[in-house]
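Q: Just so we're aligned, residue 109 is where the sequence shown starts under the working numbering, counting upward by one.
Structure below; questions to follow.
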Amino acid sequence: MKKTQSQNSWLQRQGKDIFVKLSKAKGYRSRAVYKLIDINYKFNIIKKNTKIIDLGASPGGWTQVIVNILKDTNYEIVAIDKLNMEPIKNCSFILDDIESFLKKNNSLNSNSYELILSDMAPNSSGHRFTDQASSEKLFFLALEFALKYLISGGNFVCKIMRNSVEKKIVNNTKKYFKVVKVYKPPASRKDSKEIYMVALGFNNLHKG
Numbered sequence: 109m110k111k112t113q114s115q116n117s118w119l120q121r122q123g124k125d126i127f128v129k130l131s132k133a134k135g136y137r138s139r140a141v142y143k144l145i146d147i148n149y150k151f152n153i154i155k156k157n158t159k160i161i162d163l164g165a166s167p168g169g170w171t172q173v174i175v176n177i178l179k180d181t182n183y184e185i186v187a188i189d190k191l192n193m194e195p196i197k198n199c200s201f202i203l204d205d206i207e208s209f210l211k212k213n214n215s216l217n218s219n220s221y222e223l224i225l226s227d228m229a230p231n232s233s234g235h236r237f238t239d240q241a242s243s244e245k246l247f248f249l250a251l252e253f254a255l256k257y258l259i260s261g262g263n264f265v266c267k268i269m270r271n272s273v274e275k276k277i278v279n280n281t282k283k284y285f286k287v288v289k290v291y292k293p294p295a296s297r298k299d300s301k302e303i304y305m306v307a308l309g310f311n312n313l314h315k316g
């Protein structure tokens, strides 16, 4: 089957991408691992002997990073995605959609995890306002998840998009965390609108 021009452009970009080359050389499943590595270097969010949930985990790159950092310590990692994922040693995987999981699932203990990570992103529709609404919905689902499962003082990292609701998202998150920062890792492509919100010090005050 003949490749389209956009497919050829993507392949050319992948071939030149230093983070693609590095991830392959290191045995990582995606170039996105270097986003998390950089976020952790800057904010020191992945600590020894902790319990972590990785939302939107498939294909498993971020989970691989966590396992590598925490090896030889007492840790727990739960990866959740609606897409299947090849097993990773010492990691539990739940095949489910986050919205469905929040409605029905009681397999995890509430307020028990030190770190919630979300690299979830909606499939692009090509329509700006539709994509913006989908991205906003995913963020608020991830935030709801964090409010339910984080311990007091825990941390939350979530992919968001630069758009007209970015300020609303950040201000909303500040209600629940001591420090909220917005950060774009070097591995995030310059032409991408993705950024990461790093929320530190969960206050657990939403329960009144």
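Quick reminder that beta carbons are idealized off the backbone N, C-alpha and C, glycines included.
(1) Would you kindly work out how many angstroms separate the C-alpha atoms of K267 and E244, rounded to a whole number?
(2) Give the secondary structure of T181 by DSSP, where H, G and I count as helix, E and B as strand, and everything else as coil.
(3) Taking the beta strand (DSSP E) that L163 falls in, what are its first and last residues?
(4) Return helix, strand or coil for K150, following the three-state DSSP convention.
(5) Of all the options G309, L144, K275, which has the alpha carbon lying nearest to the alpha carbon of L225?
(6) Could you check if S131 belongs to the surroundings of the ligand SAH, using beta carbon to heavy atom distance under 6 Å?
(7) What are the boundary residues of the alpha helix (DSSP H) that includes I277?
(8) Considering only the alpha carbon of each residue, which of I126, I147, F310, L130 lies closest to Y221?
(9) Look at the alpha carbon of N349 and the alpha carbon of I188, and state the distance between them as a whole number of angstroms.
(10) Report yes if the CB atom of V273 is closer than 7 Å to the CB atom of K282, and no otherwise.
(11) For the beta strand (DSSP E) containing S260, name the first residue and the last one.
(12) For D318, which of helix, strand or coil comes out of DSSP?
(13) Look up K129 in the DSSP assignment and say whether it is helix, strand or coil.
(14) Which same chain residues end up closer than 8 Å to K301 when comparing Cβ atoms and leaving out the 5 residues on each side of it in sequence?
(15) Nearest CA to the CA of S261: which residue from F285, F253, E252, Q240?
(16) Is the Cβ-Cβ distance between I185 and I174 less than 7 Å?
A: So, to answer that:
(1) 10 Å
(2) coil
(3) 159–163
(4) helix
(5) L144
(6) Absence of the ligand SAH is noted for the structure shown, with no ligands found whatsoever.
(7) 274–281
(8) F310
(9) Look at the range of the chain in this structure, 109 to 316, and you will see that residue 349 is not part of it.
(10) no
(11) 258–269
(12) Residue 318 cannot be examined here, being either before or after the span of the chain that is shown, 109 to 316.
(13) helix
(14) M269, R270, N271
(15) Contrary to the premise, residue 261 reads as Gly rather than Ser in this sequence. It is F285.
(16) yes
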